[in-house]
Amino acid sequence: MRFTAALLAGKLIGLLTSFTGRGTNITGAAALRLCPSLLSRFRIKGKIIAVTGSNGKTSTANAVRSILKSCGYSVCGNYEGSNLTGGVATALIKASDLAGNIKSDFVILEVDERYSRLIFKDFHPDILLVTNLFRDQLTRNGNVDVIFDILNNMIHPDTLLVLNANDPISSRLAPKNARAYYAMERTPLSTDSSPCITHDARVCPVCAHRLKYEYYHYNHIGRYRCESCSFSQPEARYTAKDVDMEKGSFSVDGRKVGFNYKNLYHVLNMTGAIAACAEAGVGLDEACRAASEYKISTLRYDEFDIGGRRCAMILSKNQNPVSYDQSISYVLADRGEKCVAAYINNINHTDNKDTTWLWDIAFERLAGEVGAFICAGPRGCDLAVRLRAAGFDKNRILLCESLSDMPALIKNTSGAIYLMTELYDAKRITEAIRNAQ
Amino acid sequence: MRNEIKILCMYDELLDLYGDFGNVRMIKMRLEEMGLSCSLVSCGLGETPDFDACDMLYIGPGKGRSLVHAAKHLIGYAAPFRAAIERGLPALVTGSARLLLGKGFRSADGEDIPCVGLFDYTGYDDGKVFVSDVVGELLIDGAENTAYGFINRTAHIEGSAGSPLLRLKYGAGDGSGPSSVEGSIYKNLVATWCLGPLLVKNPALLRLFLKRLAGDAFVDYDDSLEKKALALTLHDMEKDLASR
Chain A
47 MRFTAALLAG KLIGLLTSFT GRGTNITGAA ALRLCPSLLS RFRIKGKIIA
97 VTGSNGKTST ANAVRSILKS CGYSVCGNYE GSNLTGGVAT ALIKASDLAG
147 NIKSDFVILE VDERYSRLIF KDFHPDILLV TNLFRDQLTR NGNVDVIFDI
197 LNNMIHPDTL LVLNANDPIS SRLAPKNARA YYAMERTPLS TDSSPCITHD
247 ARVCPVCAHR LKYEYYHYNH IGRYRCESCS FSQPEARYTA KDVDMEKGSF
297 SVDGRKVGFN YKNLYHVLNM TGAIAACAEA GVGLDEACRA ASEYKISTLR
347 YDEFDIGGRR CAMILSKNQN PVSYDQSISY VLADRGEKCV AAYINNINHT
397 DNKDTTWLWD IAFERLAGEV GAFICAGPRG CDLAVRLRAA GFDKNRILLC
447 ESLSDMPALI KNTSGAIYLM TELYDAKRIT EAIRNAQ
Chain B
110 MRNEIKILCM YDELLDLYGD FGNVRMIKMR LEEMGLSCSL VSCGLGETPD
160 FDACDMLYIG PGKGRSLVHA AKHLIGYAAP FRAAIERGLP ALVTGSARLL
210 LGKGFRSADG EDIPCVGLFD YTGYDDGKVF VSDVVGELLI DGAENTAYGF
260 INRTAHIEGS AGSPLLRLKY GAGDGSGPSS VEGSIYKNLV ATWCLGPLLV
310 KNPALLRLFL KRLAGDAFVD YDDSLEKKAL ALTLHDMEKD LASR
């Protein structure tokens, strides 16, 4: 009864909030209050594929969804980062009929790693894809070990794991579970040493002695082995090979895959999505063909024109240095004239003034590579200090104390404009830059 | 002063939780601007620290299990470590690495870990993330100033931490309850939960370390940008406090 009442209430709230364009979380949150065990009460006909990890959850879950849809399957799930308990409940309410039946072939759930234990308290996914584990929002999440323990404790013994073999941390999850690994071979962009500061696996996760790397794709993602114990990269069932950034293509087991967002982590995430779909029963030929049709969301990455100049907005999460490191890689891939603007806010859920995380981002890689770097936001001056220490010429660091100064600063720069910003701040800084037209 | 200033970075690969290595980067940058050479010497598990061969010691924050590994290694060098601090080796210890300086701590897994005993406190790690902005007066000769730091920890200490680093105006201090002081100063050692990185956010404190390291070779430098960043942070903190 409680379930039926909660489901009907959820359907009703969902209908009402659909007119306001809000409510990805509140519908589910309200229904969960009426029936706390709501999530486990749906009768799900198809397979549940969950995607979690520190970085790339949304785009990887979207890739899984896109592949399955393109292969003709019916899918449902949460969209665009509503990945807490309420967001998952909202998605299931929406997908369910009035009797609680979800008839889709697949339920794709993007799940916040910290909330995974609450979401999967009473039911579990058939397949869990873990993209990676990095330091991320330490003020909220705790460190990588804490997140690893949360995931380890919540993984159901019957869940099939799809894990990133290039990540020495998440590849060790739930060792007794059935698993399929995916990986990426050395690419022209892979390096012998890590070009980044953030490296969460400098020491072996088993014995704490120094971990050796054959090569790095980015941060601590690469091919590794420990010389003090037997820990090394597991064998992968799905491996991305022949990565060609110019052409935007790679291959998995001889099957070609095209991609539109030219970044190594995106190739690895795509490989993970293909692996999850193949493990779910989709033929590898079909999965690779369908993956080539996937285009990354404009909420994560968008391009627009400012007075004849190309402006690219790259979503870069505060307190998530790997996210910024990836944005930096994207900027560096453009060999033309360019400048960067970043909006550095206080910690977005607590308003703490912490800027420690700026020192985990390898801004050194951009020194001498960009014509100007505009530092905006409440902690923009802290970014300016960081850039000086990273070797930037002081004349190339432009402090933007008020967003109303942004148009004038932009006009003083030339070439393409790269904008690094948190989702919450994207709108205001994008508007400020558009005013430079 | 030596020709080359060596900073011994203890467990820099193991204790690498948050961006506090910025402290060392900033010291190195400023020393090099003064025309001095500065090298960073790493010491990890299975290696022998040479406290006599360095001009400064740095230990930064680490994850709970990593700290246990570090403590078990450092205890083997407790006597030379304490002797180095006693003779006035400049040292900076930030975040959870403070646990290493007390008599011991209880890990999140419940294991009691003995430490070098430079201070009388004992610590414990309850695994719960605790964050706080910290604003206080620096209680250190030559660096009287208002300081900002950020605390993000799962550990606590109980017992005397010696002379404090900060008299707090705002934020969480040492001990498990409210406390008006934070951090420790002993000889030329500064230890604090405050991240920031501490020396970047507080240019007066960086200046003090640089004067100790460079001695007569110290050359004044322009740190107006760092001062401005601190002033803006303190201004925003004041604004927040006034609106509460």
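Those sequence lines, one after another, are chains A and B.
Residues are numbered in this note's numbering as their position in the first sequence, beginning at 1, plus a constant of 46.
Residues are numbered in this note's numbering as their position in the second sequence, beginning at 1, plus a constant of 109.
Backbone N, C-alpha and C define an ideal beta-carbon position, used for all residues, glycine too.
These numbers come from a predicted model, not from an experiment.
Between B:Asp283 and B:Ala270, the beta carbon gap of about 5 Å places them in contact (Cβ cut-off 8 Å). Under the 7 Å criterion on CB atoms, B:Glu113 is classed as non-interfacial with respect to chain A. Here B:Leu126 is not near B:Gly185, since their CB atoms are 7 Å or more apart. One thing to note: A:Met466 has its Cβ no nearer than 7 Å to the Cβ of A:Ser343.
If you draw a straight line from the Cα of B:Glu113 to the Cα of B:Ser148, it is about 7 Å long. Secondary structure of A:Thr285 (DSSP, three-state): strand.
Interface with chain A (7 Å Cβ-Cβ cutoff): B:Gly305 is included. Taking the Cα positions, B:Ala313 is about 9 Å away from B:Lys336. Apart from the 5 residues on each side of it in sequence, A:Asp182 sits with its Cβ closer than 6 Å to the Cβ of Ser100 and Asn366 in its chain, given in chain order. Contact of B:Asn254 with chain A is not assigned, every C-beta pair being separated by 7 Å or more. A buried status is given to A:Arg225, since no fewer than 16 other beta-carbon atoms sit within 10 Å of its beta-carbon. According to the DSSP assignment, A:Tyr470 belongs to the alpha helix (DSSP H) that extends over Leu469 to Arg480. The Cβ-Cβ distance between A:Ala135 and A:Gly60 does not fall below 7 Å. Within the stretch 142 to 175 of chain B, contact with chain A at the beta-carbon level (separation under 8 Å) is assigned to Gly153, Leu154, Gly155, Lys172, Gly173, Arg174 and Ser175. Going by C-alpha positions, B:Met165 is about 51 Å away from A:Val298. Secondary structure at A:Ser274: coil, using DSSP grouped into helix, strand and coil.
With a contact defined as Cβ atoms closer than 8 Å, A:Pro214 and A:His266 qualify at about 7 Å. Apart from sequence neighbours up to five positions away, the residues of its chain that approach A:Glu383 with a beta-carbon distance below 8 Å are Gly417, Ser460, Gly461 and Ala462, ordered along the chain. DSSP lists B:Cys147 as the bridge partner or partners of B:Ile114. Cβ contact annotation for A:Lys287 (same chain, cutoff 6 Å, sequence separation greater than five): Glu231 and Ser297, in chain order. Counting along the chain, B:Leu339 sits inside the alpha helix (DSSP H) bounded by residues Ser333 to Ser352. Here A:His263 carries a strand assignment [DSSP, helix/strand/coil]. Here the alpha carbon of A:Leu138 sits roughly 13 Å from the alpha carbon of A:Thr50.
Cβ-Cβ separation between A:Thr104 and A:Glu156: approximately 6 Å, consistent with a contact (criterion under 8 Å). A residue is called buried once 16 or more other Cβ atoms fall within 10 Å of its Cβ, and A:Gly132 is buried on that count. When secondary structure is reduced to three states using DSSP, A:Cys117 falls in the coil class, being assigned neither helix nor strand. Counting only runs of 3 or more residues that sit fully inside the stretch 283 to 349 of chain A, the beta strand (DSSP E) segments are 284 to 290, 295 to 298 and 301 to 304, in chain order. Listed by position along chain B, the residues whose Cβ is nearer than 7 Å to that of A:His263 form an empty set, because the closest Cβ is around 19 Å away. Nearest CB-CB separation between A:Val252 and chain B: not below the 7 Å threshold. DSSP, read as helix, strand or coil, puts B:Ser272 in strand. If you ignore the 5 residues before and after A:Ala55, its C-beta comes within less than 8 Å of the C-beta of Ala76, Ala77 and Leu80, all in its own chain and listed in chain order.
One finds nothing in chain B with a Cβ atom closer than 7 Å to the Cβ of A:Asp158; even the nearest lies about 15 Å away.
For B:Thr301, the closest C-alpha among the options B:Tyr120, B:Asn261, B:Ser216 and B:Leu339 is that of B:Asn261.
Ranked by Cα distance from B:Thr157, the options B:Lys137, B:His178, B:Leu183 and B:Gly169 are led by B:Leu183. A distance below 7 Å separates the beta carbons of A:Ile95 and A:Ile173. Look at the beta carbons and you see the stretch 388 to 399 of chain A touching the stretch 409 to 428 of chain A: at least three pairs across the two are nearer than 8 Å.
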